[in-house]
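One line per chain: the protein sequences are A and B, in this order.
Letter 175 of the first sequence, counting from 1, is numbered 1193 in my numbering, and no numbers are missing.
Letter 200 of the second sequence, counting from 1, is numbered 197 in my numbering, and no numbers are missing.
All C-beta atoms in this analysis are idealised placements derived from N, C-alpha and C, irrespective of residue type, glycine included.
For reference, the structure discussed in these notes is given below.
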Amino acid sequence: MEWTDSGAAEEARKGNQQAFRVLVERHSRSIFRLAFRMTGNEQDAEDMVQETFLRAWKQMHRYDGRASFGTWVYRIAANASLDLIRSRKVRGEMQAAAEGDGAGAFEHVAADAPSPERLTQSNQVARMLGPALEQLSEMERTAFLLRHYEGCGTEEIARALGVHNNAAKQTVFRAVQKLRRALEPAWGMAR
Amino acid sequence: MKHLSEEEITLAYYNELDPAVRAHLDECDQCRAAFEELRRVLDGVRDIPVPERGESYGGEVWTRLLPHLPAEKPRRRWLQWWTVAPAMLAVAVAAFVAGILIEQRHETARGISARARERVLLIAMGDHLDRSQMVLAEVVNAAPGAVDLGDERGRARDLVVENRLLRQTATRRGDLSDAAVLDELERTLLDIANGPANPSASDIEALQQRIEKEGLLLKVRIIGSNVRQEGQQL
């Protein structure tokens, strides 16, 4: 029998590891994409995927099914990635990466990446995205990531955040405003 | 005409703007320029190249994750135990009463009843110690920082009640060393049950140090092992 996400999550809440396995196998790729976008580093993203599912397993009893499992675990991944970014910042590694030639942060980008100019710009944006996301509140960051990368509508974001639709819409807007201000210099440099 | 606000331009980017308002974008150069500027930034964020992961990636993640997950908790067995507990208690009481009644007629039958009663007690004790060990192990292995003891608190609360009965029984039977360990275990279970679900790093470290200093996990493990052996011999 193939589990739906909600069925598997319900079983996982009871401690069923096979049900949790289904969820891990189903959501790992999207979590990796999110973690890579936030950390800008392949190894860090791999670590974040593992950390995310470890946290999810420990917190399964808190999952109430209000949002989809994918949305819930996405939020955990965003927070885990942000914790890493913060710890890196403390250790000054972010600065070191930004001052490097960029190979460290994006040495494993996809082979079919766009033109060199666009790639340069993307690398610049990627390096700035993690710190820029850090400037957002947890709600703003989650709302933006769900809206921008997962294509979630206002209603689903509202359910995930536990707020009314209008508040969810406002949260996305505030996030976009802040990110725009933080990221615009990347376009200035690439122009 | 009134130009679009920043919020409306953001809504337009995500195709959530009212069509009537959106029509203004096609007619107004100023709003169109603001929209294009925003689109450049947000498209750029989306364009970040991400290394591909194949279909088997989820399985690979699971393989790496599994050794880090705690051993699967035998919740089903635990629930069954709770379901069976009243019946087992009834059997123990029945065996006890039957032993007394039969004792008056057949002296040898008393030994069999007493053995059955002892066996039931040992099974109950072994099961209790197994579950207590799991809770203690979770606490001892918790990494300070983001500890979540919500689940362990609930289990500790249930175990405290059971532990009290077993400790009293051990005292009555004259098993004073078992009673002493059960007493230590009860205090620790009470601390877990009454503590916060998300203890601070210093709280969890203090609890871990106490468990380790008293060698509680090891003591519980040893008694559990002895109890199981005794039960098998009966």
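State the Cα-Cα distance for the pair residue i and residue j, rounded to the nearest angstrom.
{"i": "A:Ala1074", "j": "B:Asn12", "result": "32 Å"}
{"i": "B:Gly232", "j": "A:Gln1061", "result": "The question about residue 232 of chain B has no answer, for chain B in this structure spans -2 to 231."}
{"i": "B:Thr185", "j": "B:Arg164", "result": "14 Å"}
{"i": "A:Ser1046", "j": "A:Gly1025", "result": "18 Å"}
{"i": "B:Arg152", "j": "A:Arg1199", "result": "49 Å"}
{"i": "B:Glu52", "j": "A:Ala1053", "result": "18 Å"}
{"i": "B:Gly212", "j": "A:Ala1095", "result": "37 Å"}
{"i": "A:Asp1082", "j": "B:Ala190", "result": "23 Å"}
{"i": "B:Cys28", "j": "A:Leu1041", "result": "44 Å"}
{"i": "A:Glu1029", "j": "A:Gly1148", "result": "34 Å"}
{"i": "B:Val157", "j": "B:Arg150", "result": "11 Å"}
{"i": "B:Glu24", "j": "B:Val18", "result": "11 Å"}
{"i": "B:Glu233", "j": "A:Gly1058", "result": "The shown model of chain B, from -2 to 231, leaves out residue 233 of chain B, and the question about it has no answer."}
{"i": "B:Val58", "j": "A:Ser1048", "result": "12 Å"}
{"i": "B:Ser197", "j": "A:Ala1037", "result": "31 Å"}
{"i": "A:Ala1098", "j": "A:Asn1184", "result": "27 Å"}
{"i": "B:Leu1", "j": "A:Thr1172", "result": "20 Å"}
{"i": "A:Asp1065", "j": "A:Met1146", "result": "20 Å"}
{"i": "B:Lys216", "j": "B:Gln130", "result": "10 Å"}
{"i": "B:Ala167", "j": "B:Arg128", "result": "18 Å"}
{"i": "A:Arg1159", "j": "B:His65", "result": "28 Å"}
{"i": "B:Ala143", "j": "B:Asn195", "result": "7 Å"}
{"i": "B:Asp148", "j": "A:Lys1032", "result": "11 Å"}
{"i": "B:Val132", "j": "B:Tyr54", "result": "33 Å"}
{"i": "B:Glu159", "j": "B:Lys210", "result": "24 Å"}
{"i": "B:Leu8", "j": "B:Gly56", "result": "38 Å"}
{"i": "A:Ser1155", "j": "A:Ser1086", "result": "21 Å"}
{"i": "B:Ala20", "j": "B:Thr60", "result": "52 Å"}
{"i": "B:Arg169", "j": "A:Trp1090", "result": "51 Å"}
{"i": "A:Gly1088", "j": "A:Ser1105", "result": "26 Å"}
{"i": "A:Ala1123", "j": "B:Leu126", "result": "Unreliable placement is indicated for A:Ala1123, whose pLDDT of 38 sits below 50; the coordinate value is still reported in the next sentence. Between A:Ala1123 and B:Leu126, the C-alpha separation is close to 50 Å."}
{"i": "A:Ala1027", "j": "A:Gly1169", "result": "22 Å"}
{"i": "B:Asp124", "j": "B:Gly41", "result": "59 Å"}
Less than 8 Å between the beta carbons of residue i and residue j, yes or no?
{"i": "B:Val117", "j": "B:Gln205", "result": "no"}
{"i": "A:Met1056", "j": "A:Leu1201", "result": "no"}
{"i": "B:Asp145", "j": "A:Gln1035", "result": "no"}
{"i": "B:Leu62", "j": "A:Gln1068", "result": "yes"}
{"i": "A:Phe1050", "j": "A:Ala1063", "result": "yes"}
{"i": "B:Gln175", "j": "B:Ile220", "result": "It is worth fixing the name first, because residue 175 of chain B is Asp in this sequence and not Gln. The answer is yes: Cβ separation under 8 Å."}
{"i": "A:Arg1177", "j": "A:Arg1080", "result": "no"}
{"i": "B:Leu187", "j": "B:Ala134", "result": "no"}
{"i": "B:Leu22", "j": "A:His1166", "result": "no"}
{"i": "B:Ile45", "j": "A:Val1143", "result": "yes"}
{"i": "A:Tyr1092", "j": "A:Leu1163", "result": "yes"}
{"i": "B:Tyr10", "j": "B:Arg37", "result": "no"}
{"i": "B:Arg218", "j": "B:Glu183", "result": "no"}
{"i": "A:Gln1195", "j": "B:Glu5", "result": "no"}
Between which residues of its own chain and residue i is the CB-CB distance below 7 Å, once the five residues before and five after are set aside?
{"i": "A:Ala1161", "result": "Ile1175, Leu1179, Ala1186, Thr1189, Val1190, Ala1193"}
{"i": "A:Pro1203", "result": "none"}
{"i": "B:Met122", "result": "Leu163, Val224"}
{"i": "B:Asp180", "result": "Arg164"}
{"i": "A:Leu1102", "result": "Thr1057, Asp1062, Met1066"}
{"i": "B:Leu14", "result": "Glu5, Leu8"}
Which residues in the same chain have their Cβ closer than 8 Å to the Cβ of residue i, if we skip the five residues on either side of it in sequence?
{"i": "B:Leu119", "result": "Val224, Arg225, Glu227, Gly228, Leu231"}
{"i": "B:Ala139", "result": "Leu146, Ile201, Gln205"}
{"i": "B:Pro193", "result": "Leu146, Asp200"}
{"i": "B:Ile208", "result": "Leu133, Val136, Val137, Thr185, Leu214"}
{"i": "A:Val1023", "result": "According to the sequence displayed, residue 1023 of chain A carries Asp and not Val. Closer than 8 Å at the Cβ level, and outside the excluded window around A:Asp1023, lie Leu1041, Arg1044, Ser1086, Phe1087, Gly1088."}
Within its chain, find whatever has a CB closer than 6 Å to the CB of residue i; leave out the 5 residues flanking it on each side and keep chain order.
{"i": "A:Arg1044", "result": "none"}
{"i": "B:Pro141", "result": "Ala198, Ile201, Glu202"}
Please indicate yes or no: does the CB of residue i lie closer than 7 Å to some heavy atom of the ligand HEM?
{"i": "B:Ile189", "result": "This structure lacks the ligand HEM, and indeed carries no ligand of any kind."}
Positions along the region 1055 to 1088 of chain A whose CB lies within less than 7 Å of some CB in chain B: Answer set for the region 1055 to 1088 of chain A: Arg1055, Glu1060, Val1067, Gln1068, Phe1071, Leu1072, Trp1075, Lys1076, Gln1077, His1079.
Contacting positions in the region 147 to 166 of chain B - beta carbon closer than 7 Å to chain A: Taking 7 Å as the Cβ-Cβ cut-off against chain A, the residues of the region 147 to 166 of chain B that qualify are Gly147, Asp148.
Near-chain A residues of the region 124 to 139 of chain B (beta-carbon distance less than 9 Å), N- to C-terminal order: Answer set for the region 124 to 139 of chain B: empty.
Residues from the region 1171 to 1184 of chain A in contact with chain B, defined by Cβ distance under 9 Å: The region 1171 to 1184 of chain A vs chain B, Cβ under 9 Å: Gly1171, Thr1172.
Residues within the region 18 to 49 of chain B neighbouring chain A, beta-carbon criterion of under 9 Å: Taking 9 Å as the cut-off between beta carbons, the residues of the region 18 to 49 of chain B near chain A are Glu34, Leu35, Arg37, Val38, Leu39, Gly41, Val42, Arg43, Asp44, Ile45, Pro46, Val47, Pro48, Glu49, in sequence order.
Residues of the region 1030 to 1053 of chain A with Cβ closer than 7 Å to any Cβ of chain B, in chain order: For the region 1030 to 1053 of chain A, the set of residues with a beta-carbon nearer than 7 Å to any beta-carbon of chain B comprises Lys1032, Gly1033, Gln1035, Arg1039, Val1042, Glu1043, Arg1044, Ser1046, Arg1047, Phe1050, Arg1051, in chain order.
Residues of the region 167 to 181 of chain B with Cβ closer than 8 Å to any Cβ of chain A, in chain order: Hits within the stretch: zero.
Where the region 1143 to 1161 of chain A meets chain B: residues whose CB sits under 7 Å from a CB there: Listed by position along the chain: Val1143, Ala1144, Leu1147.
Against chain A: residues of the region 196 to 218 of chain B by CB proximity under 9 Å: Within the region 196 to 218 of chain B, no residue has its Cβ closer than 9 Å to any Cβ of chain A.
Residues within the region 1183 to 1200 of chain A neighbouring chain B, beta-carbon criterion of under 9 Å: Going along the region 1183 to 1200 of chain A in chain order, one finds Lys1187, Gln1188, Val1190, Phe1191, Val1194, Gln1195, Leu1197, Arg1198 with a Cβ nearer than 9 Å to chain B.
Cβ-based contacts, 7 Å cut-off: residues of the region 54 to 65 of chain B near chain A: When C-beta distances to chain A are compared with 7 Å, the residues of the region 54 to 65 of chain B below that value are Tyr54, Gly55, Gly56, Val58, Trp59, Arg61, Leu62, His65, in chain order.
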